[in-house]
Amino acid sequence: MTKFDLVIFDCDGVLLDSEIIACRADAEAYTRLGYVITTEEVSRRFAGMPDEAVDAALAEELGQPLPPDFRSEIKKTVIEKYRTELKAIDGAIALLSSLKAAKCIASSAAPAKLALGLIETEMFELVYPNIFSTKLVEKGKPHPDIFLYAARKMGASPSRCIVVEDSVAGVTAAKSAGMTCIGFTGGSHCADGHSQRLYAAGADTVVNRLEAVRPLTE
């Protein structure tokens, strides 16, 4: 018998080394708009949050609405980079293939983007159809909605779920859902101090290699 009935993975920055792509695209777009920000700062402040929440925060700080095509242009850039630069996090395929407990994805990304990333990295069939986007719930991370939704769909009690998350927003959401949470710092976007931020958000433990996840679930 495993320690947990369900392992819930965030996707970007946990299974896909994609946060660095998205954060760089965001930083470049924000800077062009007059809000000068680095890729590292985007990652620290906004990683794991739905695009709508990020754009709302940016518009408030700018004191003006964003251009109508602002987010769609960023998405085009990210999709182009996905097709040429995207890679799976080391150990992701092996982990998904070997877990004894049930598994699913609960992500802030849109369904189409999730599918593309998983297909490009040959992980789609390892998790389909258990792929859940915050588009399915009222509130995105750091609220617990998506994790509670995933647990309900998978027939698991929150107390029997363990989440693997790379962002402060995601860790906060997982702990608010009453779940155990592993913080992950193995993505290219993770800078110095990221582990401490995940612990501060409530992570039960933090690892920098996916190989370390499986023993924590069994």
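Residues 0 to 217 (numbering that gives the first Met the number 0) are what the sequence shown spells out, left to right. All C-beta atoms, glycine included, are put in the ideal place defined by N, C-alpha and C.
Where C103 and I20 are concerned, what is the direct C-alpha to C-alpha distance, given to the nearest angstrom? 23 angstroms
With a 10 Å radius around its C-beta and 16 neighbouring C-beta atoms as the bar for buried, classify R151 as buried or exposed. exposed
Would you grab the beta carbon distance between L57 and Y34 for me? Rounded to a whole angstrom, and I think it's under 8 angstroms. 6 angstroms
For G201 and A168, I'd like the C-alpha separation in whole angstroms. 10 angstroms
Spatial neighbours of K80 within its chain, please: C-beta separation below 6 angstroms, excluding the five flanking residues on both sides. I20
Can you name, in chain order, every residue of its own chain whose Cβ lies under 7 angstroms from the Cβ of A100, other than the five neighbours on each side? T1, F3, D4, L5, V6 and T216
Closest by CA to R44, which one among R196, I161, S97 and V136? R196
What's the call for K112, buried or exposed, on a 16-neighbour Cβ count within 10 Å? buried
What did DSSP end up calling S107 once you bin it into helix, strand or coil? coil
Strand pairing of K80, partner residues [DSSP]: BP columns for K80 are empty, so no partner.
Any chance you could list the beta strand (DSSP E) runs of at least 3 consecutive residues sitting entirely within the segment 172-210, in chain order? 179-183 and 204-206
Using a Cβ distance threshold of 8 angstroms, determine whether the segment 167-181 contacts the segment 116-126, with at least three qualifying pairs required. no
Near A24, which residues of its chain fall below 6 angstroms by C-beta distance, leaving aside the five closest residues on each side in sequence? I73, T76 and V77
Can you tell me where the alpha helix (DSSP H) with S96 in it begins and where it stops? A91 to S97
Limits of the unbroken beta strand (DSSP E) element including C160: C160 to E164
Beta strand (DSSP E) segments (min. 3 residues) lying fully within the segment 32-71: none
Can you name the start and end residues of the beta strand (DSSP E) that F8 belongs to? L5 to F8
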